[in-house]
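*Asks:* Residue numbers (the working numbering): 3 to 327.
Note that beta-carbon positions come from the ideal geometry of N, C-alpha and C, so glycine has one too.
None of the values given here were measured: they were computed from a predicted structure.
Can you read through this structure? Questions will come right after.
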Ligand SMILES: NC(=O)c1ccc[n+]([C@@H]2O[C@H](COP(=O)([O-])OP(=O)(O)OC[C@H]3O[C@@H](n4cnc5c(N)ncnc54)[C@H](O)[C@@H]3O)[C@@H](O)[C@H]2O)c1
């Protein structure tokens with residue numbers, strides 16, 4: 003029989019790309035999302051090929067109903083977007099913790115054998131080693147900083163998945179995405195914000211463009227293009243070990259100043275970086291060690307220089323859709 007999946011957060015950036023791939027590969031897919039951040043429009047062309055449940059992950063009955071009869075639950079519903087970690091920490095935890103409890107209860111009720119959890123690099127925050135593998139300690143540097151509502155919610159989710167998993171599931175898999183980017187990824191992220199700001203600044207005559215950033219610009223991230231990311235996630239689904247944790251990303255470390263220069267290059271403009279304060283709790287350096295997933299066959303294909311113009315074009319073309327602040 004065809005394997006069936008429930009994808010929570012399935013109209014979000016990553017969720018919709020996962021749903022699309024699962025449908026393409028012939029699986030039965032049900033999506034649960036309240037569309038607070040996601041949009042069913044992302045799946046408009048394949049609505050006939052999936053079931054859609056519009057519900058809040060915090061509603062236990064709705065989650066139980068949606069999970070009934072599936073083989074696997076992929077749990078991605080969460081409040082994502084760094085600015086929300088600071089502005090709505092209690093909502094981040096409410097959705098994170100109640101969502102995880104509801105998902106596990108629904109799996110237990112319906113005897114579902116497989117649970118896949120989307121976690122995050124924020125569980126280890128500022129790691130002792132870079133590139134960072136899956137074995138580093140999980141860590142909250144400052145419980146008074148609201149930013150760590152997100153990392154805290156993900157740590158709770160991982161610990162629940164592992165401990166319930168050991169006892170009640172055939173296979174539990176945890177994946178930690180590391181800075182996934184691509185067209186239509188949402189607006190509250192560094193690349194979309196750089197593109198929109200650069201586009202607006204291009205209308206001014208200043209040359210080079212004075213481009214303000216948070217921090218010195220030497221902070222690094224390793225960005226993974228959405229197509230590569232989904233390839234990695236499919237490898238996890240196919241070959242991941244019970245109670246396995248997998249970093250999905252690339253090991254190409256890019257300085258934030260370089261991101262700004264490449265966005266300038268997309269618009270055909272020279273820029274000069276104007277440095278600023280880093281948000282409290284921001285990480286100076288992030289690069290996953292992806293050796294564990296590479297050993298299972300994962301190999302990202304997009305260099306950042308090749309993926310950046312694709313996303314820059316999408317935000318350039320769709321700038322009119324940006325939410326007004
Ligand atoms: N994008 C990244 O680089 C990244 C990095 C680390 C971890 N993650 C994790 O991966 C998962 C997917 O991230 P994304 O980038 O697609 O984010 P996203 O915001 O696009 O998707 C999250 C989805 O969850 C839904 N959701 C939020 N609250 C809900 C609720 N109360 N009930 C039901 N649905 C709700 C949203 O509507 C949205 O569709 C999340 O768990 C996120 O924390 C993403």
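Going by beta carbon distance, what residues of the same chain come within less than 6 angstroms of residue 128, once the five residues before and after it are set aside?
*Replies:* Start at 1 with the first residue of the chain shown, and residue 128 comes out as number 126. 285.
*Asks:* I'd like to know whether the C-beta atoms of residue 237 and residue 298 end up nearer to each other than 8 angstroms.
*Replies:* For this step, residue 237 is matched to residue 235 along the chain shown. For this step, residue 298 is matched to residue 296 along the chain shown. The answer is yes: Cβ separation under 8 angstroms.
*Asks:* Taking only the alpha-carbon atoms, compute the straight-line gap between residue 184 and residue 168 and give it to the nearest angstrom.
*Replies:* Here residue 184 corresponds to residue number 182 of the chain shown, with the count starting at 1. Here residue 168 corresponds to residue number 166 of the chain shown, with the count starting at 1. Those two C-alpha atoms are separated by around 35 angstroms.
*Asks:* Less than 8 angstroms between the C-beta atoms of residue 116 and residue 172, yes or no?
*Replies:* Locating residue 116 in the chain shown gives position 114, counting from the first residue. Locating residue 172 in the chain shown gives position 170, counting from the first residue. Yes, the pair counts as a contact, with Cβ atoms nearer than the cut-off.
*Asks:* Please determine whether the Cβ atom of residue 292 lies at a distance below 7 angstroms from any heavy atom of ligand 1.
*Replies:* For the purposes of this step, residue 292 is taken as residue 290 along the chain shown, with counting starting at 1. Relative to the non-hydrogen atoms of ligand 1, the Cβ of residue 292 never comes closer than 7 angstroms to any of them.
*Asks:* With a threshold of 16 other CB atoms inside 10 Å of the CB of residue 202, please say whether the residue is buried or exposed.
*Replies:* Walking along the chain shown from the start, residue 202 turns up at place 200. By the neighbour-count rule (16 or more Cβ atoms within 10 Å), residue 202 is not buried but exposed.
*Asks:* Answer yes if the region 206–219 comes into contact with the region 248–261, meaning at least three C-beta pairs across the two stretches below 8 angstroms, and no otherwise.
*Replies:* yes
*Asks:* Over the uninterrupted alpha helix (DSSP H) stretch that includes residue 244, give me the two end residues.
*Replies:* For the purposes of this step, residue 244 is taken as residue 242 along the chain shown, with counting starting at 1. Unbroken run through residue 244: none, as it is neither H nor E.
*Asks:* For the region 4–31, list the beta strand (DSSP E) runs that are entirely contained and at least 3 residues long, ordered along the chain.
*Replies:* 6–10
*Asks:* Return yes when the Cβ of residue 133 is within less than 8 angstroms of the Cβ of residue 334, no when it is not.
*Replies:* Absent from the structure is residue 334, since the part of the chain shown begins at 3 and ends at 327.
*Asks:* Identify every residue that forms a DSSP beta bridge with residue 278.
*Replies:* Locating residue 278 in the chain shown gives position 276, where the first residue counts as 1. Residue 278 pairs with 217.
*Asks:* Taking the alpha-carbon positions, what's the residue 305 to residue 176 distance?
*Replies:* Here residue 305 refers to the residue found at position 303 when the chain shown is read from its first residue. Here residue 176 refers to the residue found at position 174 when the chain shown is read from its first residue. Roughly 25 angstroms between the two C-alpha positions.
*Asks:* Please report how far the alpha carbon of residue 276 lies from the alpha carbon of residue 81, in whole angstroms.
*Replies:* Looking up residue 276 in the chain shown gives position 274. Looking up residue 81 in the chain shown gives position 79. Straight-line Cα distance between these residues: approximately 31 angstroms.
*Asks:* Is residue 180 buried or exposed, if buried means 16 or more other CB atoms sit within 10 Å of its CB?
*Replies:* Within the chain shown, numbered from 1, the residue matching residue 180 stands at position 178. The residue is buried, with at least 16 neighbouring Cβ atoms inside 10 Å.
*Asks:* DSSP puts residue 54 in a beta bridge; with which residues?
*Replies:* On the chain shown, residue 54 is found 52 positions in, with the first residue counted as 1. Per DSSP, 33.
*Asks:* Do residue 125 and residue 92 count as a contact pair if the criterion is CB distance below 8 angstroms?
*Replies:* Looking up residue 92 in the chain shown gives position 90. Looking up residue 125 in the chain shown gives position 123. Cβ distance not < 8 angstroms, so residue 92 and residue 125 don't count as in contact.
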